[in-house]
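Q: Starting off with a structure, shown below.
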Amino acid sequence: MSRDVAIIGVGQTKFTRNYQGSLREMVFEAFAEALRDAGITAREIGASLICSAPEYDKQRSPAGLLAEYLGLNPQPTFVLESICSSSTTGVRVGYSLIKAGLHDVVAVIGFQKMSEISSAESQERMGRGADIMWEAPFGSMMPAYYAMHAQAHFARYGTTEEDLALIRVKASKYGALNERAVFRKELTVEQCLNSAVVSSPLKVYDCCANADGASCLILANADRAKAISAKPVWILGLGAASETMSLTGREALDGLRAARLAAREAYQMAGLTPGEIDVAEVHDCFTIAELMAYEDLGFAEPGKGVELIRNGQTSLGGRIPVNVDGGLLSKGHPIGATGGSQVRTIVLQLRGEAGPMQVPGAEIGLVHNIGGVGIYSNVIILGR
Amino acid sequence: MGFEKFGRKSYTAQTKVAEFVDRLAQGEICATRCRSCGRIYFPPRADCSFCLGDAMEWVKIPETGKLASFTRVYYAPAGFEADVPYTLALVNFGDVKVFGRLSSAVEESTIKIGMDLKPIVLEMPDGQITYEFIPVEECGR
Ligand SMILES: [Zn+2]
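Those sequence lines, one after another, are chains R and X.
Numbering of the first sequence is given in the working numbering, commencing with residue 1 and proceeding in unit increments.
Numbering of the second sequence is given in the working numbering, commencing with residue 385 and proceeding in unit increments.
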């Protein structure tokens, strides 16, 4: 188990429907919080990795603009993109830059200001995050793709709409506790089941909330981390994989192969097993995505994920608490900021600073962040 | 004829496999087969990523396939609002899987994963051309 690279600072804006300020101001808020948390200045950062899905940005080439506004010139900066998993791709690249010895300290900055375009427009752009020659011409979009995964899971394992509703009810319970979440209301199973169908079987409350937001992580090598930080959180394992963009290339739709492969790699690198994870953040862009994550990450056998949610095993006090910060469903999903926010949640958990969402004594945490419909997958295991 | 005629709304005009649309107009739904290694591709492609060959031939996909998964879409992305609700489907034809729409005439309650489907060609009033899946009639009907 390596302890070569640590996360020494985390920051995140409140996730909100419509951030009252410009993109640069929003990102500054998360960045300043992470710098204060780490106790360093911008001058100590060797490089900045700007993580965003650029189809939602009005600003072209945002790295240049943000490095200037954040006071990160003349250090190198560039954009990384893997749609919804952009900022955990940032963690992977940041880890490599530090391990390679090119930089001692790196900032991973993720953001999206979803309110700059309409919801139908954003669905159309998200739809073009799938094959634009052979799938988008039929009117495909993200909820529809995940809905097709849900139908396949239902048909194979007997999963029901009620099971998915339980996942949203759990998310809403913790979203209500999280001051940084966009959706603070608690929902009942009935409310979830009675919400309008978006793409069958997924309804409005099976879908995550679009949000504006930014996140920032400060990564450092072991020497700097030990010198600067009282509570470094170490990157113990990293895994990443990809899958065909087109559904036509996939073996099955009742799970995400890329997630399984990334998880296997991360567990192997960390020398840990699924049973040793104390708390997890998984990519619940839709309720079905959380259910598949239980199985893809090995928290449950394929088809048995429903038992975890039915028995409360993924709630606080359960065997493996998952998304006890509200997840993407209730905390919100500002595409490029999401992975960084998931990592922040786990860092706070491992430091014992998660407040009402704290998993008592958590020592090992896991982040599962997916880009597009299982196209990109990053799994990160963290330890204190 | 260019590829911009494919589907409700195409995002691509130029492709080396634009002949797919011409064949669609003739009532054929085709995959491409690599002349060097024999691999069959749907969606059709101009290049073989397995053997790097670029000599492809067109082959018709099988008459019938089985529904792998589906969803009934009630909220459309920009440009598709007029079509809702519509059903997206992935159909397994053995060597290849094909993504498209299942006929809106098929009621959602009668859709079952594994059901037999066949593709038909559709020409739209605005000149766009596409295909959709319909159930294979049961014997004796
Ligand atoms: Zn070949």
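Every residue, glycine too, gets a C-beta built ideally from N, C-alpha and C.
Output needed in chain order: residues of the stretch 426-440 of chain X with a Cβ under 9 Å from some Cβ in chain R.
A: Listed by position, the residues of the stretch 426-440 of chain X near chain R (Cβ gap below 9 Å) are Phe426, Pro427 and Pro428.
Q: Using only the alpha-carbon positions, how far apart do Lys400 (chain X) and Lys481 (chain X) sit?
A: C-alpha separation (whole angstroms): 21 Å.
Q: Pick out whichever of R:Thr89, R:Cys51, R:Val233 and R:Arg184 has its Cα sitting closest to the Cα of Ala38 (chain R).
A: The shortest C-alpha separation from Ala38 (chain R) is found at R:Val233.
Q: Let's test the definition: count the other Cβ atoms within 10 Å of the Cβ of Ser199 (chain R) and tell me whether it reaches 16, buried, or not, exposed.
A: Label assigned to Ser199 (chain R): buried.
Q: Contact between the stretch 188-199 of chain R and the stretch 91-104 of chain R is defined here as three or more beta-carbon pairs at a separation below 8 Å; is this criterion met?
A: Segments in contact, no.
Q: Between Asp223 (chain R) and Ile50 (chain R), what straight-line distance do the alpha-carbon atoms span, to the nearest angstrom?
A: Approximately 24 Å, taken between the alpha carbons.
Q: Between the C-alpha atoms of Tyr69 (chain R) and Ala270 (chain R), what's the straight-line distance to the nearest angstrom?
A: Taking the straight line from one Cα to the other gives about 37 Å.
Q: Could you pull out every residue in the same chain whose Cβ sits closer than 8 Å to the Cβ of Gly478 (chain X), ignoring the five residues on either side in sequence?
A: Excluding sequence neighbours, Gly478 (chain X) sits near Pro446 and Gly449.
Q: I need the boundaries of the beta strand (DSSP E) containing Asp212 (chain R), first residue and last residue.
A: From DSSP, the beta strand (DSSP E) with Asp212 (chain R) extends over Asp212 to Asn221.
Q: In chain order, what residues of the same chain lie with their CB nearer than 6 Å to the CB of Ala153 (chain R), ignoring the 5 residues before and after it?
A: Per the sequence shown, the amino acid found at residue 153 (chain R) is His instead of Ala. Within the same chain, His153 (chain R) has close Cβ partners Thr159 and Asp254.
Q: Mind checking whether Ala130 (chain R) and Thr455 (chain X) have CB atoms under 7 Å apart?
A: Going by C-beta atoms, Ala130 (chain R) is not nearer than 7 Å to Thr455 (chain X).
Q: Cβ closer than 7 Å: which chain R residues qualify as neighbours of Thr396 (chain X)?
A: In chain order: Ile132 and Met133.
Q: For Trp442 (chain X), list the residues DSSP reports as bridge partners.
A: According to DSSP, which records beta bridges pairwise, Trp442 (chain X) is partnered with X:Thr416.
Q: Cβ closer than 9 Å: which chain X residues qualify as neighbours of Pro137 (chain R)?
A: Here the neighbours are Phe390, Gly391, Arg392, Lys393, Ser394, Tyr395, Thr396, Gln512 and Thr514.
Q: Using a Cβ-Cβ distance under 7 Å, would Ala489 (chain X) count as near chain R?
A: Chain R, which has no Cβ nearer than 7 Å to the Cβ of Ala489 (chain X), makes this no.
Q: Please report whether the beta-carbon of Gly484 (chain X) lies at a distance below 7 Å from any beta-carbon of chain R.
A: With 7 Å as the cut-off, Gly484 (chain X) counts as an interface residue toward chain R.
Q: Relative to the C-alpha of Gly46 (chain R), which residue among R:Tyr95, R:Glu81 and R:Asp206 is closest?
A: Among R:Tyr95, R:Glu81 and R:Asp206, the Cα nearest to that of Gly46 (chain R) is on R:Tyr95.
Q: Look at the alpha carbon of Tyr515 (chain X) and the alpha carbon of Glu507 (chain X), and state the distance between them as a whole number of angstroms.
A: In a straight line, the C-alpha of Tyr515 (chain X) is about 8 Å away from that of Glu507 (chain X).
Q: Tell me the start and end of each unbroken beta strand (DSSP E) in the stretch 221-282 of chain R that is at least 3 residues and wholly inside, in chain order.
A: Counting only runs of 3 or more, we get 233-242 and 279-281.
Q: For chain X, find out if any of its Cβ atoms is closer than 7 Å to the Cβ of Val373 (chain R); answer yes or no.
A: Taking Cβ atoms only, chain X never reaches closer than 7 Å to Val373 (chain R), which makes this a no.
Q: Rounded to a whole number of angstroms, what is the C-alpha to C-alpha distance between Leu72 (chain R) and Phe28 (chain R)?
A: The straight-line gap from Cα to Cα measures roughly 11 Å.
Q: Between Phe464 (chain X) and chain R, is the shortest Cβ-Cβ distance under 7 Å, so that the two count as touching?
A: So, interface residue.
Q: Please go through the stretch 104-175 of chain R and give each complete alpha helix (DSSP H) segment of 4 or more residues, from N-terminal end onward.
A: With a minimum length of 4 residues, the continuous alpha helix (DSSP H) runs that stay inside the stretch 104-175 of chain R are 119-127, 142-157 and 161-175.
Q: Considering only heavy atoms of ligand 1, does any lie closer than 6 Å to the CB of Phe426 (chain X)?
A: False, no ligand heavy atom lies under 6 Å from that Cβ.
Q: Report the rounded CA-to-CA distance for Ala211 (chain R) versus Leu328 (chain R), giving the unit in angstroms.
A: One C-alpha to the other measures close to 10 Å.
Q: Can you check whether the CB of Leu164 (chain R) is closer than 7 Å to the CB of Asp206 (chain R)?
A: Their beta carbons are under 7 Å apart, which means Asp206 (chain R) touches Leu164 (chain R) by this criterion.
Q: Closest to Asp467 (chain X) by C-alpha separation, out of R:Glu55, R:Ala263, R:Ala171 and R:Phe138, would be which residue?
A: Out of R:Glu55, R:Ala263, R:Ala171 and R:Phe138, R:Phe138 has the C-alpha closest to the C-alpha of Asp467 (chain X).
Q: Just checking Ser420 (chain X) against ligand 1 - is the residue's beta carbon closer than 6 Å to any of the ligand's heavy atoms?
A: Checking every heavy atom of ligand 1 against the Cβ of Ser420 (chain X), one is found closer than 6 Å.
Q: Any idea what DSSP makes of Val405 (chain X), helix, strand or coil?
A: Here Val405 (chain X) sits in helix by DSSP.
Q: Which value, in whole angstroms, describes the spacing of the CA atoms of Ile413 (chain X) and Phe387 (chain X)?
A: Approximately 14 Å, taken between the alpha carbons.
Q: In this structure, how does DSSP classify Val343 (chain R) when only helix, strand and coil are distinguished?
A: Helix.
Q: Taking the alpha-carbon positions, what's the Ile504 (chain X) to Leu486 (chain X) distance?
A: The straight-line gap from Cα to Cα measures roughly 10 Å.
Q: Alpha carbon to alpha carbon, what distance is there between Glu135 (chain R) and Met148 (chain R)?
A: Going by the C-alpha atoms only, they are around 13 Å apart.
Q: Buried or exposed: Gly524 (chain X), going by 16 or more other Cβ atoms within 10 Å of its Cβ?
A: The predicted position of Gly524 (chain X) is uncertain, since its pLDDT is 41 and thus under 50; a value taken from the coordinates is nonetheless stated next. It counts as exposed.
Q: Is there at least one non-hydrogen atom of ligand 1 closer than 6 Å to the beta-carbon of Arg250 (chain R)?
A: No, the Cβ of Arg250 (chain R) stays beyond 6 Å of every heavy atom of ligand 1.
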